[in-house]
Amino acid sequence: MRDGEWTLSLPGAEVTWGPADLPIVNMAAPDLGDVGITDDDTDRPREDGRAFGQDFRGGRTITVELGVFGDSEAEARATLAGLATAWRGDAVRHTPGAVAELRMRHAGRERVVYGRPRRFASDETEIHEGVAEVVADFAAVDDVFYAPDEDSRTVTLAPPTGGGLVAPLAAPLTTTATSDRSAGITVGGELGAWPVLTIYGPVTNPVVEVVGQWRFELRTTLAYDRSVTVDTRPWARVILLDGGGSLAGAVTRSSPRLAAMALPPGPYELAFRGIDETGTSYLRFAWREAYPTP
21 MRDGEWTLSL
31 PGAEVTWGPA
41 DLPIVNMAAP
51 DLGDVGITDD
61 DTDRPREDGR
71 AFGQDFRGGR
81 TITVELGVFG
91 DSEAEARATL
101 AGLATAWRGD
111 AVRHTPGAVA
121 ELRMRHAGRE
131 RVVYGRPRRF
141 ASDETEIHEG
151 VAEVVADFAA
161 VDDVFYAPDE
171 DSRTVTLAPP
181 TGGGLVAPLA
191 APLTTTATSD
201 RSAGITVGGE
211 LGAWPVLTIY
221 GPVTNPVVEV
231 VGQWRFELRT
241 TLAYDRSVTV
251 DTRPWARVIL
261 LDGGGSLAGA
271 VTRSSPRLAA
281 MALPPGPYEL
291 AFRGIDETGT
301 SYLRFAWREA
311 YPTP
């Protein structure tokens, strides 16, 4: 991707615009939009001032003004049709929670936002000259710009070193020890990153802990050919078995809410625990760096 390029990507459709050598050009600098704040402020009863509660940041709306150019009216109409088709968002708009990607690159920094294409207004006054103008909106799910590539770390479970009854003795008795393995990770970026945890069986009662941040535990058993994904990203927030089916009911009461699992930038120790006699279960822990600006 070159500096100045923007790309809208969704299943089955992709369109790129920006620099003057492309058939679709930015006619003005894209408007990144402001971010609405929802607050819980209240007036202080019978006195001056206000009492602050929690503040919540909304999603931004990015507006682009585009010029569509062709060597002929037919060529301009074909390019405009391709842009309009992509901006319909048919691949995502019928599925709750589905999002498209809007990518951009400036000064060597590539960023991506997630959301849906919305308003699309075209002006074909000069289409006979091979020129059309478009004003279009992209509604982002939040106000964050993400790195284009995932960071990830895989942690495997070590098989238990021995058998026998496990102390302290308490019902139900078990003759299998819990396996434990940890690894170091470093979260970059400038804002908290949302992790995606994928646990592959065979494992019983898997636990994922970011030491000093949170401990997430599932009371369930995964067979050797099954996996579960815990997706904390704002546009997902699901706990799904491979092939579908929610496993949210297996989350322990002491585990954090998915909306509270973002990791601020910094180094961490990542631990994976569970009962696995084979030592073949593993965790894939993935995240994208997050930034407040492109």
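So the sequence shown is numbered by this note's numbering: it starts at 21 and just counts up by one. A virtual CB, placed ideally from N, CA and C, is assigned to each residue, including glycine. Computed from a prediction, not measured in an experiment: that's the story for all the values here.
Supposed contact pair residue j and residue i - C-beta distance, whole angstroms, cut 8 Å
| i | j | result |
| --- | --- | --- |
| E309 | A213 | 6 Å |
| R22 | R125 | 7 Å |
| S142 | A306 | Contact flag wrong, Cβ pair sits at about 39 Å. |
| R235 | V227 | 7 Å |
| A156 | T81 | The Cβ separation is near 11 Å, so there is no contact. |
| P222 | M281 | The Cβ separation is near 25 Å, so there is no contact. |
| D51 | T83 | 4 Å |
Delimiting residues of the alpha helix (DSSP H) encompassing residue i
| i | result |
| --- | --- |
| D163 | First-last for D163: undefined, no H or E at that position. |
| D110 | 110-113 |
Beta bridge counterpart(s) of residue i as assigned by DSSP
| i | result |
| --- | --- |
| T240 | According to DSSP, T240 bridges with nothing at all. |
| A213 | L283 |
| W316 | Shown here, the chain extends from 21 to 314; a query on residue 316 therefore has no answer. |
| W26 | W37, M124 |
| S142 | V154 |
| W107 | W107 pairs with nothing; no bridge assigned. |
| T206 | P287 |
| S266 | L260 |
| P137 | F158 |
| T218 | T249, R304 |
| R129 | H126 |
| I295 | T224 |
Cα-Cα separation, residue i to residue j
| i | j | result |
| --- | --- | --- |
| A106 | V258 | 27 Å |
| L189 | L217 | Here L189 scores only 49 on pLDDT, less than 50, and its place in the model should not be relied on; the value that follows carries that caveat. Their Cα atoms are separated by approximately 32 Å. |
| G299 | R293 | 11 Å |
| V230 | R70 | 37 Å |
| E146 | V154 | 12 Å |
| T62 | E237 | 38 Å |
| G264 | I219 | 15 Å |
| R100 | A256 | In the sequence as displayed, the identity of residue 100 is Leu instead of Arg. Cα to Cα, the separation comes out at about 32 Å. |
| L122 | D68 | 45 Å |
| V207 | T252 | 15 Å |
| P65 | Q74 | 19 Å |
| R273 | G232 | 18 Å |
| G109 | G32 | 10 Å |
| L290 | E170 | 17 Å |
| V271 | E297 | 22 Å |
| Y244 | A127 | 46 Å |
| T241 | V250 | 15 Å |
Same chain, Cβ closer than 6 Å to residue i, neighbours up to 5 away in sequence not counted
| i | result |
| --- | --- |
| S92 | G150 |
| V35 | L28, L103, A106 |
| L30 | A111, V112, A120 |
| A98 | none |
| D162 | G79, P254 |
| T58 | F76 |
| N46 | G38 |
| E85 | M47, A48, V155 |
| G24 | G38, P39 |
Cβ neighbours of residue i in the same chain (closer than 8 Å, five flanking residues each side left out)
| i | result |
| --- | --- |
| Y311 | R131, V164, F165, Y166, A167, G209, E210, L211 |
| T174 | Y302, L303, R304, F305 |
Residue span of the beta strand (DSSP E) that contains residue i, given as start and end
| i | result |
| --- | --- |
| D68 | Taken as a continuous stretch (DSSP letters only), D68 belongs to no beta strand (DSSP E), as it is neither H nor E. |
| W307 | 302-307 |
| D59 | 57-59 |
| M21 | First-last for M21: undefined, no H or E at that position. |
| A120 | 120-126 |
| G87 | 81-89 |
| R77 | 75-77 |
| T174 | 171-176 |
| E229 | 223-230 |
| I44 | 44-46 |
Own chain residues within Cβ distance below 7 Å of residue i, not counting five before or after
| i | result |
| --- | --- |
| A96 | V88, F89, G90, I147, G150, V151, A152 |
| L261 | R246, V248, L267 |
C-beta neighbour in chain D for residue i, strict 9 Å
| i | result |
| --- | --- |
| P314 | Absence of chain D from the displayed structure is noted, only one protein chain being present. |
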